[in-house]
Structures are given as structure tokens and as C-alpha cells.
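Asks:
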Amino acid sequence: MNSKIPDNIVLKVSKVCKRFPGVKALDNVDFELREGEVHVLLGENGAGKSTLVKIISGAIPLSGGVISLFENEVVIKSPKHAQEMGIATIYQELNLIPSLSASENIFLGRETTNRFGLIKKINLLSSSRRILEDLGLEIDCQVQVKNFGIAQQQMIEVAKALSMNARILIMDEPTSALSETEIQLLFKTIRRLTKKGVSVIYISHRLNELFEIGDRVTVLRDGKLIGTKRIVETTKDELIKMMVNRDLREHYPKLKTDSGKEVLRVEKLSSKGKLKNISFVVNECEILGIAGLLGSGRTELARAVFAADKFDSGKIFIRGKLQTLKSPRAVIKNGIGFVTEDRKAQGLILSLSVKENITLSSLKSFSKFGFINFKKEKEKADRFINEIKIKAINADQIVYYLSGGNQQKVALAKWLCMESNVLIFDEPTRGIDIGSKIEIYSLMNRLKSEGAAIIMISSELPELIGMCDRIIVMHRHQIAGEVSSSEATQETIMRYAVGA
Amino acid sequence: MINKNQILQNSRQLGTLIGLFIVILIFWLLSPYFFSTSNLVNILLQSSINAIIAVGMTYVIITAGIDLSVGSIMAFSAVILASAMQSGIGVPIAILISLIVGTLCGLSNGLLISYGMLPPFIATLGMMSIARGAALLVTQGKPISGFSPEFRFLATGEILSIPFPVILMIIIYIAAHIILKKTLLGRYTYAIGGNEEASHLSGINTKIIKTTVYGISGLLSGFAGVILTARLNSAQPIAGIMYELDAIAAVVIGGTSLLGGEGKISGTLIGALIMGVLRNGLNLLGVSSFVQQIVIGVVIIIAVLVDMILKKRKK
């Protein structure tokens, strides 16, 4: 392990703040990066890692604080400006053009041309080869990028960064889509880079990796700096504690009920690259939580159960009956509702009214010969608007103009109107205000007491612990563990989630 | 408190209607013949073909699709109708056959788009060529002319001096409006155009709805073919070239967004009438057909520009 940490400071961030309307995303954060080190940024979703990285890479301006680069105070104006100063960022979503070759991607926008304005292909190829060889990579520069796997594409991004003489490389969750061998290849490349004096800011949730590749680690939580440690001087337990210990415990109106009969049973559900051998049961009057980091397969699981995506093998039983349902339409008829993670893209028709969205799934039940009974439709919609307090001017208001919390209530009302009694909530409180959050919690509890079986997927651990009777934790597309509400703590859940 | 979007929609409608009145007013001032009853009826008659095709196009565009094959399907239906009548098949049966042919062409579009996952542009571009080729093949490239008076009565007949084609057009518009506003099909059409993924996850059978919508477009193109054949007393395999663009123009001028999810049948009627009035008025003024094309192009662009400016202000 690299225990020696060099002393030259290449990047120093002092007292940096970032305010978004209503939120302080970063609060007086200090961070320093030394020459040739791999410095890991660690924290839960929303802890402020991405914000910090975006500031350093010039994607967003800071609201306060100072950044010095190579001991000069700088103002980073744009991503391009950051690149010119030697800071390159490799995002989770790769920025390569699939139909161009590796060398064309590496020098995109910086091609050398002859006097007729034509690209000197020979130069392009030889320069690309040199860089790739330097990285110890065997990649054919003339092949279109789309033919490479994610890992190789990442390497091409690294090569692109180096061709711009990057001294600081920011990598945002680089291993999230990689296999074990690909991860080793990436680490080999990173070690080569650091030997040459390149510094790496490395964002990851995966604790095991940090101990393998990192020199130091900085933990952020709720936008604040919790601490910086040398990897050799810390432990997983310490890091987990630093990540999740919250000052403020939110209030959850937890409801104790005896769970009833089995409603939904999933057996050995597998889908290549998405889900591995998932089995669980949800009962009446029960909220089952699904925890796990981004990309662990939580949403994929929900979509498979809802028949929105196909799966390769496994069985799903609803009330003991094996399901062979091929479309969401059929699943919905069996009483399952899915409040999607991205309500704007998947849950709502923003151009339609509150009423039209609420009745969208159940419209047939108040139609005759294909004609909608408007009176019944309005009655139904008004009933739910009043019952779950959707704040809209009237039932005919277009959903686009509602607040996030009210949009979420409309998305939920659609399933209430359909009388669904198995409800899957994927990140039900993301991006909504605290008042609406509590209302959603109360609604979930009310449904639970009325006999509904609920699956709740969430990245917010306190919310899961507060609401759920049982929590299954996913890690890398499989179930890593299950905890009951009495024994659930953020530490135990996080331990499973990071595969520790 | 008021519903912003509703006002915007209505103001858009009002804007198009004002546009129509302005165009009428200009020609009224410029040409003494323009504002006569017979000319106004004539405008309606001339607009009826495009207006009927534009109804189907409105449905398609509300689903965020496009149908380039309408003109070819119209010609194909027309020559099928003509050959059927020529071979001695009775008028009602011949009409039925040609409408079925039009509908089948449209349904094929829909199947290719829904189940074959082809982009609407590509599927209907293919059908545009196929139906045109089929029309030429059936007739060996020559027009078929001369039909029985009872068939031609479809175009020449009138009620209270309103020609049949205009009455048919009005009936089709009323029916299309009711279907779009009051039925499941209509609601789902809007929903799919607004957000297909969310519609699918809400349990709507998006594939069947989309297929149906393209079927309707084909049926109405067939209908237009019947009326055109009766009016001209001739079915031409090369009829209806570029009609898809006229139909799209009527829909767009009428305020339906090419992005889907919104739009009104009444807007399309106004859009088709604006185009009819422009053509008729420019003809009366002796403006060459070349210049007419330029004017219509400018009107389309202005209509959409105004629409976008209004939408930007909303945000």
C-alpha cells in the first residue's frame, strides 16, 4: 500500500461554500490534494461530494471560499478553463462520441491540420498510440469507440485527459459499471498515473476499493467536512460512522401493525447485469424497505416486478398465484402500483391536468362504450385531491405547474384511484419539501393500516429505518442482507450496502 | 387564481382565429369577388380535402408522431375505388373497399411504428413510396375517369346550397372532436404524446392506441380520396403529391405542437381554412402559384414563431 504521501500541495480548497435556493450544499469545506496521491471523497448521496467536484472542475461557481492551484489563487470559470489549468474530470456518464475512433476522440477539437485544413491523421494516430502505450494499454486507436467495453472507454477518457496535460484527474464513481478484472485494470492505470505525479480525486461508495487504491480519504456529510484521514490510519467502521452519524434525526410517524398474509413473493429473480438471484416476500400491512447505493439494482428490481423490464429467470407470485404477466398493464390489473423514482419522466403526464393524471390508470372503470363519464371522473379526482390534500387550483390545473410534493401526491393518487393494494415507492420523497415528506409518510402508514403491502426504495437511511418493518439491502445487484426494524441502524445497513 | 396553461391554449386558439379573420379581411378589401357567398362556399369546398386529411394528421401529431404517407394513401384509395367501380362493383361496396384499403395502409404504418419500433418518419416515408407505387401499378400510370352520376352526386349534391363534401368535412370534424375530448382513445392519445413511458407504466396499451391512430389517419386519407375522385370525376395515381405537407401545415398553424401531447381539432380546422383562404384569395388577385407557395411558407413560419414566443413567455 502507498503509505508515503508526498508533500507538494497541488490543489487547496479553503472554506468553500455553495448555496442552492433553500439548501446549503457545501458549508465551509476545506480540502487539499497533494502531488501524486489518490484522495478519496466519501459520503452518502447528497453529502456534497458531487457539488465539490463540480466546483473544482468549473461546472458550477462557488458561493464563497478560495481555491488555490499550484499555490496560486484561481477562479475557475468553466470546465474548459479548468482543463486548460490541468484539471480533467471523468464523469460516470462518459463523454465520448461512439461513432468516432479512439484517436479521434482523444484529440477531438484539438486536431492538428495541414495548410488545407485537413486533419493530419498520421499525427493523430502516433500521438494517441504514444499516450495509450504510456498508460500500458493495448487499445487499437482506429477502432470506433462503441466497440469497446466501458472499462476501455474509461481508459480512452483518461488518455484524452492526459493528452491535455492534466495534472489533476477527477474520477466520479469510475468502478460503478466495471467488473472485477476491469477494476484491477483501472487501478493499474491509476497507479501508473500517480507515479508520474498526477493527482487523483476519486469518488466512490465502495469501501473495499478505497483501501486498495486510496492514500487519503475525506468524508463529507450534509455539506460539511467531517474529516480527512490517511487510509492506513483508519478503518471501515470508522469511515461508516463518519458517513452516517446524523446530528438531526427526523421525525417519522412510525406505525406498528401486525403484518398479515403474504401478498407478493419473488423467487430467485435474475436478469443479466441487473439482478442476481433475488428472493423476498411482502405481506399485508407491512412496509418492506429496499436499501442500497445508486446502481445496486434497486430500481431494476422494482421495474422487473412491475413487468416494465423483462427478466431472465425467477418467479413472481401475487397472493400465491404464479404470475406470467408480460406488461405493466396486466400487473396493474392485479393490484400493483408503482410510484416511480423519476416522477416527471416516468410517473406523470405533465401536459395533462391533475384530474386526468389521477384517473389515467383507472379511466376504463368509469367509461362506457369508450366514452368517459366526466361527472364520475371529476368526483373521483376531487375525492383524492381532498383526501390527500393535493394543493392545486382545481382538478383541471396542469400538473406541470404543481410543486414537487404535490406532483408526487398526484402520482400516488393515480394508484389510490386504481385501488392498488401492493404499492412500490421508488425514492418517494426525493426532491420534495419536509412538510410533503411527512404527509407522504402518513399516507404510507394509512395505506399500511388499511392492509396494503408496500415496498419502499430509498437512499435516505433514516427514512427507511423510520418507516419500514423490514429492510433488505442490495449490493451489486444482489441482496446483501436483511435487517428487521428493531435491529436496523444506519451502520448495519451501510455495512451491507458497501459490501463490507 | 387562473389556470395559466388553459388561458395559453385558448389564447393560441384565439390567435389563430384572429389570423383567419385578418386574412379574410385583407382579401375582402383587395378583391371585390372574394366575399361573395359562392366564393366562400367555394373556399370551404376547396379546403375540404386538406381539412379531412389534416384531422388524421392532428391525431398522429398529438401522439408526437408524423404521417408522410397521407397523400399517397389518398391516391391509392382513389384508384382502387375507380377500378372497383369500373369493374362493375356497386358504388357503396366500392367506396367501402377503398376505405378499407386506406385504413389498412394506415394500420400497417401503425404496426411498423408500434411493434417494429420504426421511427414514424421512416415508416410513413416508406409507405408514402409504397402506396404511390401501388397506385401507379394498379392504373399503369394512367388516370381512370368517367363515373356514374349517382357516384358523382357525392361531390355535386348539396343541402341548403352547402356541397356534400363540406357537410362531410363538418361531420368528420365534429366526430373527431368528440372522440378526442370524450373517449378513452382521445385521452390516451394525449397521454402518449405527453409522455409515452409514463403512459405505458400507467397501464395504457400504447402500441394499440398508436396503431389505431395511424389507422384513423389512413381511413381519413381514403375518405379524401373518395371525395376527390367524385369531384374530379377522375382518379389519378399522381394525385395528392405534397398533400402531407399541406396537412402538417394546417395542423401546425392550428396550434398543435409537433412535440406531441397537446393540440385541438378546432385549431386544425382554422389552420386548414387559413390555407384555403390564402390560396383562393391569391388566385383571385392573379398571384402566380409560385408566389403562393412562398406566401404559404411564410405563414407557416410566422404561425410557429408566434407559438414559440408565447410559450417562452410562459416560462
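Just so you know, the protein sequences line up as chains U and W, in that order. All residue numbers for the first sequence refer to the working numbering, where the first residue is 14 and numbers rise by one. All residue numbers for the second sequence refer to the working numbering, where the first residue is 8 and numbers rise by one. Just so it is clear, CB atoms sit at the ideal spot from N, CA and C, and this is done for glycine as well.
Just mark S209 of chain W as buried or exposed, buried being the case when its beta carbon has 16 or more other beta carbons within 10 Å.
Replies: buried
Asks: Three-state secondary structure (DSSP) at Q420 of chain U?
Replies: helix
Asks: A358 of chain U versus chain W: which residues are under 9 Å apart at the beta carbon?
Replies: Ordered by position in chain W, the residues that pass the 9 Å Cβ test against A358 of chain U are N202, E204, A205.
Asks: In terms of residues, what are the limits of the alpha helix (DSSP H) holding D250 of chain U?
Replies: It spans 249–257 - the alpha helix (DSSP H) in which D250 of chain U sits, taken as one unbroken run.
Asks: Going by C-alpha to C-alpha distance, which of U:V245, U:I445, U:G273, U:D235 sits closest to M256 of chain U?
Replies: Out of U:V245, U:I445, U:G273, U:D235, U:D235 has the C-alpha closest to the C-alpha of M256 of chain U.
Asks: Let me check one thing: in DSSP terms, what residues is E10 of chain U bridge-paired to?
Replies: This structure leaves residue 10 of chain U out entirely; chain U is present only between 14 and 513.
Asks: Is it the case that the Cβ atoms of G222 of chain W and T110 of chain W are separated by a distance below 8 Å?
Replies: yes
Asks: Is R342 of chain U close to chain W? Criterion is C-beta to C-beta, closer than 8 Å.
Replies: yes
Asks: Span of the beta strand (DSSP E) holding A304 of chain U?
Replies: 299–305
Asks: Can you give the Cα-Cα distance for V496 of chain U and R311 of chain U, rounded to whole angstroms?
Replies: 16 Å
Asks: Quick one: what's L82 of chain U bridged to in DSSP?
Replies: U:L24, U:N85
Asks: Quick check: the stretch 235–245 of chain W against the stretch 28–47 of chain W, are at least 3 beta-carbon pairs closer than 8 Å?
Replies: no
Asks: Quick one: using the 10 Å Cβ neighbour count with 16 as the cut-off for buried, is V156 of chain U buried or exposed?
Replies: Label assigned to V156 of chain U: exposed.
Asks: By Cβ distance, which residues of its chain are closer than 6 Å to H94 of chain U, with the 5 residues on each side in sequence left out?
Replies: G71
Asks: Can you tell me whether D260 of chain U is buried or exposed? The criterion is at least 16 other CB atoms within 10 Å of its CB, across all chains shown.
Replies: Because D260 of chain U sits at a pLDDT of 42, beneath the cut-off of 50, its placement in the model cannot be relied upon, and the point is left open.
Asks: Give the residues from the stretch 69–81 of chain U that approach chain W closer than 9 Å (Cβ to any Cβ), ordered along the chain.
Replies: none
Asks: Return the chain-ordered list of same chain residues with a C-beta closer than 6 Å to the C-beta of L306 of chain U, the five sequence neighbours on each side being excluded.
Replies: Excluding positions up to five away in sequence, the list reads H218, A510.
Asks: Quick one: using the 10 Å Cβ neighbour count with 16 as the cut-off for buried, is R262 of chain U buried or exposed?
Replies: Only weak support is given to the placement of R262 of chain U: the predicted model assigns it a pLDDT of 44, under 50, and the question is left unresolved by the model.
Asks: In chain order, what residues of the stretch 359–393 of chain U put their CB closer than 7 Å to some CB of chain W?
Replies: So the close ones are Q359, G360, L361, I362, L363, S364, L365, E369, L373, S374, L376, K377, S380, G383, F384, I385.
Asks: Can you pull the chain U neighbours of A198 of chain W, defined as C-beta to C-beta under 8 Å?
Replies: I362, L365, E369, L373
Asks: Within its chain, find whatever has a CB closer than 7 Å to the CB of Q420 of chain U; leave out the 5 residues flanking it on each side and keep chain order.
Replies: Apart from sequence neighbours up to five positions away, the residues of its chain that approach Q420 of chain U with a beta-carbon distance below 7 Å are R356, L361, V412, ordered along the chain.
Asks: For the alpha helix (DSSP H) that contains A58 of chain W, what are its first and last residues?
Replies: 44–69
Asks: I'd like the span of the alpha helix (DSSP H) that includes K134 of chain U, first residue to last.
Replies: 134–147
Asks: Taking the alpha carbon of L474 of chain U as the reference point, which residue from U:Y414, U:I253, U:E369 has its own alpha carbon closest?
Replies: U:I253
Asks: Which two residues bound the contiguous beta strand (DSSP E) that contains R278 of chain U?
Replies: 275–284
Asks: If we define contact as Cβ-Cβ less than 8 Å, is L265 of chain W a contact residue for chain U?
Replies: no
Asks: Counting only C-beta atoms, is G210 of chain W closer than 8 Å to chain U at any point?
Replies: yes
Asks: Looking at G302 of chain U and M469 of chain U, is the spacing between their C-beta atoms short of 8 Å?
Replies: yes
Asks: According to DSSP, simplified to helix, strand and coil, what is I169 of chain U?
Replies: Correct three-state label for I169 of chain U: helix.
Asks: What does G268 of chain W reach in chain U if we use C-beta pairs closer than 9 Å?
Replies: I362, L363, S364, L365
Asks: Taking Cβ to Cβ, would you say I277 of chain W is nearer than 8 Å to G267 of chain W?
Replies: no
Asks: Between which two residues does the beta strand (DSSP E) containing V486 of chain U stretch?
Replies: 483–488
Asks: Can you have a look at G304 of chain W and say buried or exposed, based on whether 16 or more other CB atoms are within 10 angstroms of its CB?
Replies: exposed
Asks: In chain U, what lies closer than 7 Å to R1 of chain W by C-beta?
Replies: Past the boundaries of the shown model lies residue 1 of chain W; chain W is included only from 8 to 322, so the question cannot be answered.
Asks: From the beta carbon of I345 of chain U, is the nearest beta carbon of chain W less than 8 Å away?
Replies: Yes, contact with chain W.
Asks: Between I467 of chain U and L436 of chain U, is the Cβ-Cβ spacing less than 8 Å?
Replies: Yes, they are a contact pair.
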